[in-house]
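S.K.:
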Amino acid sequence: MSRKPYIRPMSKTSWYLRDGRYKRYMAREVTCLLIGAYTGVFAMGIWRLAEGREAFTAFMAALHAPGAIMFHLVALAFSIYHSTTWFNVTPQAMPLMKGEDFVPGTLIVGAHYAAWAVASLVILIAVGA
Amino acid sequence: MSETSTITIEVMRYRPETDSEPVFQSYPVPCPKEWVVLDALNYIKDTIDSSLSYRWSCHMAVCGSCGMMVNGEPMLACKAFLRDMGDTVRVEPLLNFPIERDLVVAMDDFIEKLTSIKPYIIRKTEKPVEEGTYLQTPAQLKRYKQYTLCINCLLCYSACPQYGLNPDFIGPSALALAHRYNLDNRDEGRALRQEFVASHEGVWECSFVGACSEVCPKHVDPASAVQQMKIASTKDYFLGFLGGNR
Ligand code: SF4
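The listed protein sequences correspond, in order, to chains A and B.
At the far end of the first sequence sits residue 129, using the working numbering, and the numbering has no gaps.
At the far end of the second sequence sits residue 246, using the working numbering, and the numbering has no gaps.
1. If we call anything under 8 Å between Cβ atoms a contact, is residue 153 of chain B one with residue 210 of chain B?
2. Please check if any C-beta of chain B sits within less than 8 Å of the C-beta of residue 89 of chain A.
3. In three-state DSSP terms, what is residue 76 of chain B?
4. Under 8 Å, do residue 89 of chain A and residue 208 of chain B count as touching if we go by C-beta distance?
5. Just the Cα atoms here: how many angstroms apart are residue 83 of chain B and residue 73 of chain B?
6. Looking only at DSSP bridge pairs, what is residue 92 of chain B linked to?
7. Under 8 Å between C-beta atoms, does residue 36 of chain A make it to chain B?
8. Quick check: the Cα distance between residue 94 of chain B and residue 129 of chain B, rounded to an integer number of angstroms?
9. Tell me whether residue 39 of chain A is buried or exposed, calling it buried when 16 or more other Cβ atoms sit within 10 Å of its Cβ.
10. Pop quiz: residue 144 of chain B and residue 186 of chain B are said to be a contact at Cβ under 8 Å. What is the actual Cβ separation, rounded to whole angstroms?
11. From the DSSP output, in three-state form, read off residue 172 of chain B for me.
12. Please report whether the beta-carbon of residue 221 of chain B lies at a distance below 8 Å from any beta-carbon of chain A.
13. Based on Cα-Cα distance, which residue from B:172, B:192, B:43 lies nearest to residue 216 of chain B?
14. Compute every distance between the C-beta of residue 123 of chain A and the non-hydrogen atoms of ligand 1, then say whether any falls below 7 Å.
15. Ends of the alpha helix (DSSP H) at residue 116 of chain B?
16. Enumerate in chain order the residues of its own chain whose CB-to-CB distance from residue 199 of chain B is below 7 Å, with the five nearest sequence positions on each side excluded.
17. Among all the DSSP beta bridges, which residues are the ones paired with residue 31 of chain B?
18. In terms of DSSP beta bridges, what is residue 124 of chain B paired with?
19. Give the secondary structure of residue 3 of chain A by DSSP, where H, G and I count as helix, E and B as strand, and everything else as coil.
20. By the three-class DSSP mapping on this structure, what secondary structure does residue 101 of chain B have?
21. Please compile the residues from chain E whose C-beta is within a distance smaller than 7 Å of the C-beta of residue 227 of chain B.
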């Protein structure tokens with residue numbers, strides 16, 4: 001008997017709306033755009049710094065505009081979300097064995113948070129906050 | 001005997017000789033508290049409509065035959081308890097696969113992919129039988145054991161949007177099995193598998209949605225296998241520049 005398999009179409013543009021897991025995945029991916037935008041602003045700051053004191057002072061003043069503050073708050077929230085979602089899957093990407101057992105995932109995730117805290121602390125101390 | 005309520009099972013039907021596309025058909029089914037979706041399908045087939053087609057064998061989450069979409073979620077019908085589901089339960093064939101008939105999907109594509117990753121131990125040279133068996137410590141076994149638990153139920157392929165978008169993707173469980181053999185200390189076939197594993201249709205097609213691991217009924221965690229192979233393949237790539245060996 002001849003076969004006549006039926007293929008169900010899948011939307012190329014709205015597939016991620018079908019499942020909560022896909023939406024969470026999209027949230028993780030989309031939040032990196034704000035990290036990219038923040039990196040752009042940061043790079044611009046360095047560029048202004050290279051141009052001299054006046055350019056840099058003007059740049060710093062511009063950062064105090066309400067829009068700029070808003071942008072930084074949103075970028076901070078998005079980057080925290082983005083980073084933590086990645087931290088939480090590190091045990092899957094990097095499982096570790098010690099002797100005959102796997103190191104518990106919570107330890108691997110915890111180590112990432114600890115490294116993050118230490119790095120943040122070092123930076124805060126370095127900039128004299 | 002305890003009182004049993006009646007629920008409605010909506011089954012996606014597709015009869016290739018008459019239907020141009022799938023249609024839903026509803027059946028009233030009793031719902032004793034120990035029944036799973038597979039019991040309901042067997043009830044339908046035995047007492048209401050013998051033309052209904054679906055795969056099953058063991059009824060205990062071992063054979064991997066009864067994977068289907070239950071209320072939109074890929075599940076083994078033998079593990080999907082009706083008591084957890086409300087008055088109407090919608091059953092469809094596994095997503096991302098062509099429908100052969102009713103709840104039966106065409107698996108040809110998966111079988112081909114599974115074959116391509118060479119899911120068996122490969123030796124460069126076999127040692128003579130007189131030299132005895134290949135030894136393995138408990139720790140060496142533990143490294144890959146979780147990946148041996150795969151029952152080829154294909155729930156992970158149904159959960160994977162990348163496979164849905166690009167059917168050329170080798171996909172979660174075939175890649176998890178490649179990893180299983182790569183991790184086995186008795187195996188020497190990794191370089192042969194890399195041709196497929198590290199290709200565009202291999203691990204790099206995965207964007208780590210992670211849904212495969214969430215739906216896997218045997219806790220195989222194929223997403224983990226794929227990420228580990230991405231890291232290993234990246235190492236190969238850079239070691240290649242340094243003239244190193246795999
Ligand atoms: S990895 Fe899990 S979900 Fe995928 S085929 Fe194997 S047992 Fe089924």
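Cβ atoms here follow ideal geometry from the backbone N, Cα and C, with glycine treated the same way.
M.R.: According to the structure shown:
1. The residue labelled residue 153 of chain B in the question sits at position 153 within the second sequence. The residue labelled residue 210 of chain B in the question sits at position 210 within the second sequence. Contact: no.
2. For the purposes of this step, residue 89 of chain A is identified with residue 89 of the first sequence, where counting begins at 1. At least one beta carbon of chain B lies nearer than 8 Å to the beta carbon of residue 89 of chain A.
3. Reading the second sequence from its first residue, position 76 is the one you call residue 76 of chain B. DSSP places residue 76 of chain B in strand when its eight states are reduced to three.
4. Position 89 of the first sequence, counted from the start, is the residue given in the question as residue 89 of chain A. Position 208 of the second sequence, counted from the start, is the residue given in the question as residue 208 of chain B. Yes, they are a contact pair.
5. The sequence position of residue 83 of chain B within the second sequence is 83, counting from 1. The sequence position of residue 73 of chain B within the second sequence is 73, counting from 1. In a straight line, the C-alpha of residue 83 of chain B is about 16 Å away from that of residue 73 of chain B.
6. For the purposes of this step, residue 92 of chain B is identified with residue 92 of the second sequence, where counting begins at 1. The partner list for residue 92 of chain B (beta bridge, DSSP) reads B:69.
7. As a first step, residue 36 of chain A must be located in the first sequence, where it is residue number 36. Chain B, which has no Cβ nearer than 8 Å to the Cβ of residue 36 of chain A, makes this no.
8. As a first step, residue 94 of chain B must be located in the second sequence, where it is residue number 94. As a first step, residue 129 of chain B must be located in the second sequence, where it is residue number 129. Here the alpha carbon of residue 94 of chain B sits roughly 44 Å from the alpha carbon of residue 129 of chain B.
9. Your numbering for residue 39 of chain A matches position 39 in the first sequence. Per the 10 Å Cβ criterion, exposed.
10. As a first step, residue 144 of chain B must be located in the second sequence, where it is residue number 144. As a first step, residue 186 of chain B must be located in the second sequence, where it is residue number 186. Not confirmed; about 10 Å, so no contact.
11. Locating residue 172 of chain B in the second sequence gives position 172, counting from the first residue. Three-state DSSP puts residue 172 of chain B in a helix.
12. The count along the second sequence starts at 1 and reaches residue 221 of chain B at position 221. Yes, contact with chain A.
13. Here residue 216 of chain B refers to the residue found at position 216 of the second sequence. The residue with the shortest Cα to Cα distance from residue 216 of chain B is B:172.
14. Counting from 1 along the first sequence, the entry for residue 123 of chain A is found at position 123. Residue 123 of chain A Cβ: outside cutoff for every heavy atom of ligand 1.
15. Along the second sequence, read from residue 1 onward, the residue named residue 116 of chain B stands at position 116. Start and end: 108-116.
16. As a working note, residue 199 of chain B is residue 199 in the second sequence. No residues qualify anywhere along the chain.
17. To locate residue 31 of chain B, count along the second sequence from 1; it is residue 31. Here residue 31 of chain B is bridged, per DSSP, to B:5.
18. The residue you call residue 124 of chain B lines up with position 124 of the second sequence. Bridge partners of residue 124 of chain B: none, in fact.
19. Locating residue 3 of chain A in the first sequence gives position 3, counting from the first residue. In the three-state DSSP reduction, residue 3 of chain A falls in the coil class, being neither helix nor strand.
20. What you label residue 101 of chain B is simply residue 101 of the second sequence in a count that begins at 1. Three-state result, residue 101 of chain B: strand.
21. Given the protein chain composition of this structure (A and B), no chain E is represented.
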